[in-house]
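J.:
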Amino acid sequence: MEKPRTRFAPSPTGFMHIGNLRSAIFGYLLVKHDGGDFLLRIEDTDQTRKVEGAVEFIYNTCKLCGLEFDEGPLNGGPYGPYTQSERLDIYKKYAHELVEKGEAYYCFCTEERLDKLRKLAEDNKMAFMYDGHCKRLSKEEVEAKLKAGVPYVIRQKMPKEGTSTYEDLVYGKITVENRILEDQILLKSDGYPTYNFANVIDDHLMHITHVARGNEYVMSTPKYNLLYDAFGWERPIYVHLPMVLGADGQKLSKRNGDASFMDLYHDGYLPEAIVNYLALLGWSPENNEEIFTLEELVKVFDPKRISKSPATYDVKKLNWVNAHYMKKLDIDALYKITYPHLKEAYDLSNKSDEWIKELIRIYQNHISYGKEIVDVTDLFFKEHIEITGECKEFMEQEGVTNTIQVFEHEMEAITDWTIENINQAIMNTKEKANVKGKMLYMPIRIQITGQMHGPELPDTIHLLGKETVLARLQKKA
RNA sequence: GGCCUGUUGGUGAAGUGGUUAACACGUCGCCCUCUCAAGGCGAUAUACAUGGGUUCGAGCCCCAUACAGGCUACCA
């Protein structure tokens, strides 16, 4: 069997939302499942959209997710170049070959004429379609215009009758009537190819066997097939992917800020968790499992189980998946995704690395992504804590003041500030103040944290440090 | 407007003619715990868009309708 090959073919916009990423993931899984090749091709035929550094950005993003390209603009390969703007001569050559074959033709129509046609169509509530004006030009007329240097585009000659059908791995049989197929532009007047053309040429030249892409191309695929046929090339296998929608039911876009992979990454989400979650968007495994490493996904991925309907991106579930991965992290890995956020939010200059790691450790089960550490730990950095609402009510109960006082003395007495000794101090308080359970822990907890909940009390006290604890204990309610 | 595709609870989804329509997230409750989180257990949800067929029997097949999305560029 032929080794499957697919490509991820983004425009270099310098932005990747999770919908783009998911396309890359699905392509990767599809092809790696059978030990094939995954390549990157940059589709920069629209020069107005180019962004500096975008190629590196794409490599970085994919690498973070564990998706390595077997071939691509940065690491090369046997079928390069892998950037379309560097392949202009190739497209030109094939476009002219098509003209020679009678499958395409020069079109000299001006923007003005096209606009007029468009307007006319609009007025008549008709779909605009190029009228094939230049198809009827005689050979001499074409020669003359060419010689005179009239700007031109090359258009594909479409059949006007019958239907075109292809089989999509996800959507099944797709049939469209040929008469709705426009004589689309293959080569623009600036010498650049359109996506519609470059895509086909490159996929063939790069030996792409599987075309995995968003389902916005379902309708135009027959045009591409006609191109393959015109050249006498074998058509690839198509895998059109359902879209990923935002919470508003709309297609993801740059405006949906939180749907950007980099934003998520910088907020302390784990790439493996994002990949895991994304794989479940529009695809499901045979069994009920939901947690998969990339390797496991490669093993179990079956494109036939890709859904046809669009999926809505849901942060809540992403959070759950991410939290699941975070629980299994060792302290150093956890440190890596939380420390930057602590550093940004708080003054850490007089905190030791050891202290920070301890802080992170006791909150490991409390957060679902890195940045969340900031919200839950502010009591360790605040100068003053407020006791309000429910907490205040609790503190007004009888005996509470006494418990605090007793505990304060116990704290003062500690010379060796260890969790063990702190725990002992709590036990001593239990004896001396003659309180237990909630009436023992809660007053202390509230007095020193201002909250009724949080991690283990001895851990919290230890981290807070003797000085802070005493100061907070002495503060009158 | 035309064409293509889709529609199972708030979300992701299983399901391919006969099931009490799974499972997961979320939500809620219970257990655990000083408390929260985690974990364990359980519950919840007007879930098969609507209307017609076909069939002994339909979420699954067919046809309409509705709604949603996509395409209809010298964008990709």
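Heads up: the first sequence at position 90 corresponds to 1338 in the working numbering, and the numbers run straight through without jumps. The beta-carbon is built from N, C-alpha and C at its ideal position, and this holds for glycine as well.
Specify the secondary structure class of Tyr1285 as computed by DSSP and reduced to three states.
T.: With the sequence shown as reference, residue 1285 is identified as Asp, and Tyr is not the correct amino acid for it. Looking at Asp1285 - three-state DSSP - the assignment turns out to be strand.
J.: Roughly how many whole angstroms lie between the Cα atoms of Asn1426 and Tyr1472?
T.: Looking at the two C-alpha atoms, the distance is approximately 12 Å.
J.: Take Asn1567 and list the residues in its own chain whose beta-carbon comes closer than 6 Å to its own, dropping the five residues that flank it on each side.
T.: These residues qualify, in order along the chain: Ser1616.
J.: Would you report the Cα separation of Asn1535 and Ile1696, rounded to the nearest angstrom?
T.: C-alpha separation (whole angstroms): 48 Å.
J.: Leaving out five residues on either side along the sequence, give the residues of the same chain with a beta carbon under 7 Å from the beta carbon of Lys1619.
T.: So the qualifying residues of the chain are Asp1515, Gly1516, His1589.
J.: Is Gly1397 helix, strand or coil when you go by DSSP?
T.: DSSP places Gly1397 in coil when its eight states are reduced to three.
J.: Among residues of its own chain, excluding the 5 on either side of Asp1477, which ones have a beta-carbon nearer than 7 Å to its beta-carbon?
T.: Hits under 7 Å: none found.
J.: Could you spell out the range, first to last residue, of the alpha helix (DSSP H) harbouring Asp1477?
T.: Element bounds for Asp1477: 1469–1479.
J.: For Leu1394, collect the residues of the same chain with a Cβ closer than 6 Å to its Cβ; drop the 5 residues on either side in sequence, then sort them by chain order.
T.: Cβ within range, chain order: n/a, list empty.
J.: Mind pulling the beta strand (DSSP E) runs of 3 or more residues that sit fully within the region 1271–1315?
T.: Listed in chain order, they are 1285–1288.
J.: Can you check whether the CB of Met1510 is closer than 8 Å to the CB of Thr1246?
T.: A question about residue 1246 goes unanswered here, because the residues of the chain that appear run from 1249 up to 1725.
J.: So does the region 1303–1320 actually touch the region 1565–1584, counting three or more Cβ pairs closer than 8 Å?
T.: Cβ pair count under 8 Å is below three, so no.
J.: Give the DSSP-derived three-state secondary structure of Cys1355 in the structure shown.
T.: Reduced to three states, the DSSP call for Cys1355 is strand.
J.: Please state whether DSSP places Trp1568 in a helix, a strand or coil.
T.: Here Trp1568 sits in helix by DSSP.
J.: What first and last residue would you give for the alpha helix (DSSP H) that runs through Ala1460?
T.: That residue, Ala1460, is in no alpha helix (DSSP H); its beta strand (DSSP E) goes 1458–1462.
J.: State the start and end residues of the unbroken beta strand (DSSP E) segment that holds Asp1416.
T.: Looking at the DSSP string, the run of the beta strand (DSSP E) that includes Asp1416 is 1411–1416.
J.: As an exercise, report each continuous alpha helix (DSSP H) stretch of at least 4 residues that is fully enclosed by the region 1329–1377, in chain order.
T.: Entirely contained in the region 1329–1377, the alpha helix (DSSP H) runs reaching 4 residues are, in chain order, 1336–1349, 1359–1371.
J.: Looking only at C-alpha atoms, which of Tyr1443, Lys1436, Gln1653 sits nearest to Phe1356?
T.: Per the Cα distances, Lys1436.
J.: What number of angstroms, rounded off, separates the C-alpha of Lys1385 from the C-alpha of Tyr1354?
T.: Correcting the residue type first, residue 1385 is Leu in the shown sequence and not Lys. When rounded, the distance between both Cα atoms is 9 Å.
J.: Please state if the CB of Thr1296 and the CB of Ser1333 are separated by a distance shorter than 8 Å.
T.: No.
J.: Are the region 1519–1534 and the region 1590–1603 touching by the rule of at least three beta carbon pairs closer than 8 Å?
T.: With a cut-off of 8 Å, the region 1590–1603 and the region 1519–1534 do not count as touching, because too few Cβ pairs lie within range.
J.: So, for Arg1253: in the same chain, excluding its five sequence neighbours on each side, which residues have a beta-carbon less than 6 Å away from its beta-carbon?
T.: The residues are Gly1284, Asp1285, His1455, Ile1456, Thr1457.
J.: Leaving out five residues before and five after His1381 in sequence, what residues of the same chain have Cβ atoms less than 7 Å from its Cβ?
T.: The answer, listed in chain order, is Cys1357.
J.: Between Ala1681, Ile1522, Phe1256, Val1466, which has its C-alpha nearest Val1424's C-alpha?
T.: Val1424 has its Cα closest to that of Val1466, out of Ala1681, Ile1522, Phe1256, Val1466.
J.: According to the neighbour-count rule (16 or more other Cβ atoms, all chains shown, within 10 Å of its Cβ), is Asn1524 buried or exposed?
T.: Answer is buried; the Cβ neighbour count reaches 16.
J.: Note down, in chain order, each residue of its chain lying with its Cβ closer than 6 Å to the Cβ of Lys1251, except the 5 sequence neighbours on either side.
T.: Closer than 6 Å at Cβ, skipping near neighbours: Gly1284.
J.: Tell me where the beta strand (DSSP E) around Lys1421 begins and ends.
T.: Here the beta strand (DSSP E) through Lys1421 covers 1420–1425.
J.: On the three-state DSSP scale, how would you describe Gly1267?
T.: DSSP places Gly1267 in helix when its eight states are reduced to three.
J.: Which of helix, strand or coil does DSSP assign to Pro1588?
T.: Pro1588: helix per DSSP, three-state reduction.
J.: Have a look at the DSSP bridge pairing and note the partners of Trp1531.
T.: DSSP, once it has assigned bridges, lists Ile1554 as partnering Trp1531.
J.: In the DSSP assignment, the beta strand (DSSP E) including Phe1256 goes from what residue to what residue?
T.: Per DSSP, Phe1256 belongs to the beta strand (DSSP E) from 1253–1256.
J.: Have a look at Pro1267 and Leu1489 and give me their C-alpha separation to the nearest angstrom.
T.: Correcting the residue identity first, residue 1267 is Gly in this sequence and not Pro. Gly1267 and Leu1489: Cα-Cα distance of roughly 10 Å.
J.: Ordered along the chain, which non-local residues of its own chain (more than five positions away) have a Cβ less than 8 Å from that of Gly1462?
T.: Excluding residues within five positions, the ones whose Cβ falls inside 8 Å are Gly1267, Ser1271, His1488, Leu1489, Met1491.
J.: In chain order, what residues of the same chain lie with their CB nearer than 7 Å to the CB of Val1279, ignoring the 5 residues before and after it?
T.: Hits under 7 Å: Pro1252, Arg1253, Thr1254, Asp1285, Phe1286, His1458.
J.: How far does the alpha helix (DSSP H) with Ile1485 in it reach, from first residue to last?
T.: Run containing Ile1485: none in the alpha helix (DSSP H); it sits in the beta strand (DSSP E), 1485–1489.
J.: For the beta strand (DSSP E) containing Leu1429, list its first residue and its last residue.
T.: That residue, Leu1429, is in no beta strand (DSSP E); it is neither H nor E in DSSP.
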